[in-house]
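Q:
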Amino acid sequence: MSKKADEIFDKGILLEKEAHFEKAKATYEDILRHVSEETILEKVRCRMADIDDLIAEKAIYQRIDENAKRVLTEIGINITGNQTLMDLLMEADAVDFDNETALFIPLKREYIDHCLEQVPREMPGDPGINTFGTGATSPFLKRSGDEELRPANRDEYEKIILTVGEQQDIAGIFSLPVACDKSISLFEVAQLMEKNYQGLKMITTNTMSDDEVTFLKGKEHWVDGTSLITSLAPMNNMVDPFLRSARTGNNLLLIDQSIAGISGAASPESFLTQNHAQVIFMMVIAQTVNPGISCIHCGIPSVTGSGGNLSYSSPHQTFINAALARVNTWITDFPSAQTGGSTSLTDVTSRALSESELSRNTLRKYGVHIIRHAMGTLGSLNFFSLEKFLEDCERERHSRMIYESLPKDTGVIPMYFPGDDQALAGIREIAEKGNPKVADHTLKNVDSFRKWESTICQAAKKKLYYPQLTDIVIDKIKSAV
Numbered sequence: 001m002s003k004k005a006d007e008i009f010d011k012g013i014l015l016e017k018e019a020h021f022e023k024a025k026a027t028y029e030d031i032l033r034h035v036s037e038e039t040i041l042e043k044v045r046c047r048m049a050d051i052d053d054l055i056a057e058k059a060i061y062q063r064i065d066e067n068a069k070r071v072l073t074e075i076g077i078n079i080t081g082n083q084t085l086m087d088l089l090m091e092a093d094a095v096d097f098d099n100e101t102a103l104f105i106p107l108k109r110e111y112i113d114h115c116l117e118q119v120p121r122e123m124p125g126d127p128g129i130n131t132f133g134t135g136a137t138s139p140f141l142k143r144s145g146d147e148e149l150r151p152a153n154r155d156e157y158e159k160i161i162l163t164v165g166e167q168q169d170i171a172g173i174f175s176l177p178v179a180c181d182k183s184i185s186l187f188e189v190a191q192l193m194e195k196n197y198q199g200l201k202m203i204t205t206n207t208m209s210d211d212e213v214t215f216l217k218g219k220e221h222w223v224d225g226t227s228l229i230t231s232l233a234p235m236n237n238m239v240d241p242f243l244r245s246a247r248t249g250n251n252l253l254l255i256d257q258s259i260a261g262i263s264g265a266a267s268p269e270s271f272l273t274q275n276h277a278q279v280i281f282m283m284v285i286a287q288t289v290n291p292g293i294s295c296i297h298c299g300i301p302s303v304t305g306s307g308g309n310l311s312y313s314s315p316h317q318t319f320i321n322a323a324l325a326r327v328n329t330w331i332t333d334f335p336s337a338q339t340g341g342s343t344s345l346t347d348v349t350s351r352a353l354s355e356s357e358l359s360r361n362t363l364r365k366y367g368v369h370i371i372r373h374a375m376g377t378l379g380s381l382n383f384f385s386l387e388k389f390l391e392d393c394e395r396e397r398h399s400r401m402i403y404e405s406l407p408k409d410t411g412v413i414p415m416y417f418p419g420d421d422q423a424l425a426g427i428r429e430i431a432e433k434g435n436p437k438v439a440d441h442t443l444k445n446v447d448s449f450r451k452w453e454s455t456i457c458q459a460a461k462k463k464l465y466y467p468q469l470t471d472i473v474i475d476k477i478k479s480a481v
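The sequence shown: position 441 = 441 (the numbering used here), numbered continuously.
1. Counting Cβ pairs closer than 8 Å, one from the stretch 34 to 48 and one from the stretch 65 to 76, do we hit at least three?
2. Tell me which same chain residues have a C-beta within less than 8 Å of the C-beta of R482, skipping the five on either side of it?
3. If we count Cβ pairs, one from each stretch, closer than 8 Å, do we get three or more for the stretch 406 to 423 versus the stretch 254 to 261?
4. Would you tell me roughly how many angstroms separate the C-alpha atoms of K69 and F281, rounded to the nearest one?
5. Give the DSSP bridge partners of Q338, in chain order.
6. Check whether the stretch 356 to 372 touches the stretch 146 to 155, taking contact to mean three or more Cβ pairs, one atom from each stretch, closer than 8 Å.
7. Mapping DSSP to helix, strand and coil, what is I293?
8. Buried or exposed for F97, please, with buried defined as at least 16 other CB atoms from any protein chain shown within 10 angstroms of its CB.
9. To the nearest whole angstrom, what separates the beta carbons of K217 and G249, a pair I think is in contact under 8 Å?
10. Check whether the stretch 453 to 473 touches the stretch 314 to 321, taking contact to mean three or more Cβ pairs, one atom from each stretch, closer than 8 Å.
11. Could you work out which residue in G419, A325, R360 is closest to I296 when comparing CA atoms only?
12. Between which residues of its own chain and F417 is the CB-CB distance below 6 Å, once the five residues before and five after are set aside?
13. Between which two residues does the beta strand (DSSP E) carrying S313 extend?
14. Could you work out which residue in L15, Q83, R33 is closest to I55 when comparing CA atoms only?
15. Would you call the stretch 92 to 107 and the stretch 342 to 349 in contact, with 3 or more CB pairs under 8 Å?
16. Buried or exposed: which applies to Q274, given that a residue is buried once 16 or more other Cβ atoms fall within 10 Å of its Cβ?
17. Determine the closest residue to T207 out of A49, G225, M193, K195, with distance taken between C-alpha atoms.
18. Got a sec, what are the start and stop residues for the alpha helix (DSSP H) W452 sits in?
19. If you draw a straight line from the C-alpha of E122 to the C-alpha of I370, how long is it?
20. Please confirm whether M375 and A179 have their CB atoms less than 8 Å apart.
21. Please say whether G199 and K437 have beta carbons closer to each other than 8 Å?
22. Could you give the residue range of the alpha helix (DSSP H) that holds I77?
23. Give the range of the alpha helix (DSSP H) segment to which L406 is assigned.
24. Taking C-beta to C-beta, are I477 and A459 nearer than 8 Å?
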């Protein structure tokens, strides 16, 4: 019986990892009814302590996915000032002209569903779960002993690319890490990346020529990060480059860079709903011009610190990105890329390295897909440091060895994601008033991230999952003692 019970328990763990929590719960309940071995029962009781929280968390993510589509059908995207997008959607019969209550241009629900069905769920060149790499296209290269702020030149970029290439056992995505000066073009950077790095690579093509854009076409290990939407409206200077890349057939990394309470809603649920809606809109546009084109959901939601600046030192940054990863890995099945593993600190110090490591380990603990900006960045993505990149890689190499040696029967760890039944109404209010900062919904949720963190910390005090891998929550608990 013991062997069979172990097999049934392993089935429950597998169901959890596939986000089938109701089925996993039924499996564990069956073990509790029929098994008497205490070692198995203890493991089952441990999982049953989490399973209802996981079921509730998944239900919120399902609501986020549904409400994101309702944002597009009931509130709409403000494309009235962009005739190119208007003509495109009108020609596709995608606009719901019968809707008289939408604030902007509403889409037909059946058209949204039709487009999303065409988005491939398998990703070319997929580096797999819990992949960390570079990114951000930071404006400045951090040079040891040199305080002058400037982008990288040709010689420095050649060194960066060679160094990342030497670390590709750890760096799973080579996303453009820093801006380049006029001594080298983005197209030349892409050619060097192609030569020296074999894994998944990302670059933006909005400044490239028509001929240069085709360099990415048909290449499984390349994605184009040319974006389109922010604050429920298109960036007009990005519309033509976005459509050009989609029509070319490049794999698209759809980036929405909303900031909670600044350019997006303030509560975690309303924030992710708006973020998700804007990425879905980009998917709709991409599928309209090129049905079946590969799209990677790259929401990268961000938060601010107490001073109002973007804060990659905040654990909230890690939590919200892990949650959006779960929206995709649990609900939509879209290939997913988020952000994390960085720091708000501007110098390569022990604390900066530890903050980045803690963020990566927390993301790993919750389970993510692809994480950009995870190695080498400083100052909330304002700087890229080759010195920090190498230190991050070494720490990540060590963490990965520990993680891979841990027991595989831990199950899925709840995030206790906070629900907000006014999430959709909050987004509508923000759209009506034109600024999240003046919305009542924002004011009512100024403490929502802090309360969420408190919930996670209280749960972590009761149950440590991976004590071998220090994470942000455990670190905060220890520092408070």
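For every residue, glycine included, the Cβ atom is placed at its ideal position computed from N, Cα and C.
Bear in mind the structure is a predicted one, so any value in this text is a computation, not a measurement.
A: Reading off the structure:
1. no
2. No answer is possible for residue 482: the residues shown for the chain start at 1 and end at 481.
3. no
4. Mapped onto the sequence shown, residue 69 falls at position 69. Mapped onto the sequence shown, residue 281 falls at position 281. The straight-line gap from Cα to Cα measures roughly 9 Å.
5. To locate residue 338, count along the sequence shown from 1; it is residue 338. For Q338, which the question treats as bridged, DSSP gives the partners I371.
6. no
7. Start at 1 with the first residue of the sequence shown, and residue 293 comes out as number 293. If DSSP states are grouped into helix, strand and coil, I293 belongs with coil.
8. Sequence index remark: in the sequence shown, residue 97 carries index 97 (1-based). So F97 ends up on the exposed side.
9. On the sequence shown, residue 217 is found 217 positions in, with the first residue counted as 1. On the sequence shown, residue 249 is found 249 positions in, with the first residue counted as 1. Right, their Cβ atoms sit about 5 Å apart.
10. yes
11. As a working note, residue 296 is residue 296 in the sequence shown. Ranking the options by Cα distance to I296, first place goes to A325.
12. By 1-based counting over the sequence shown, the position of residue 417 is 417. Cβ within range, chain order: E57, I60, A323.
13. The sequence position of residue 313 within the sequence shown is 313, counting from 1. Segment: none, S313 is in no beta strand (DSSP E) and carries neither H nor E.
14. Position 55 of the sequence shown holds residue 55. Nearest of L15, Q83, R33 to I55, Cα basis: L15.
15. no
16. To locate residue 274, count along the sequence shown from 1; it is residue 274. Its Cβ being crowded by 16 or more others within 10 Å, Q274 is buried.
17. Taking the first residue of the sequence shown as 1, we reach residue 207 at position 207. Checking every option, the nearest Cα to that of T207 belongs to G225.
18. Along the sequence shown, read from residue 1 onward, the residue named residue 452 stands at position 452. Here the alpha helix (DSSP H) through W452 covers 448 to 462.
19. For the purposes of this step, residue 122 is taken as residue 122 along the sequence shown, with counting starting at 1. For the purposes of this step, residue 370 is taken as residue 370 along the sequence shown, with counting starting at 1. Near 14 Å, if we compare the C-alpha coordinates of I370 and E122.
20. For the purposes of this step, residue 375 is taken as the residue at position 375 of the sequence shown. For the purposes of this step, residue 179 is taken as the residue at position 179 of the sequence shown. No, the pair does not count as a contact, with Cβ atoms beyond the cut-off.
21. As a working note, residue 437 is residue 437 in the sequence shown. As a working note, residue 199 is residue 199 in the sequence shown. Contact flag unset, no.
22. Working through the sequence shown from its first residue, we reach residue 77 at position 77. It is not in any alpha helix (DSSP H) - I77 carries neither H nor E in the DSSP assignment.
23. For the purposes of this step, residue 406 is identified with residue 406 of the sequence shown, where counting begins at 1. Taken as a continuous stretch (DSSP letters only), L406 belongs to no alpha helix (DSSP H), as it is neither H nor E.
24. For the purposes of this step, residue 477 is identified with residue 477 of the sequence shown, where counting begins at 1. For the purposes of this step, residue 459 is identified with residue 459 of the sequence shown, where counting begins at 1. Contact: no.
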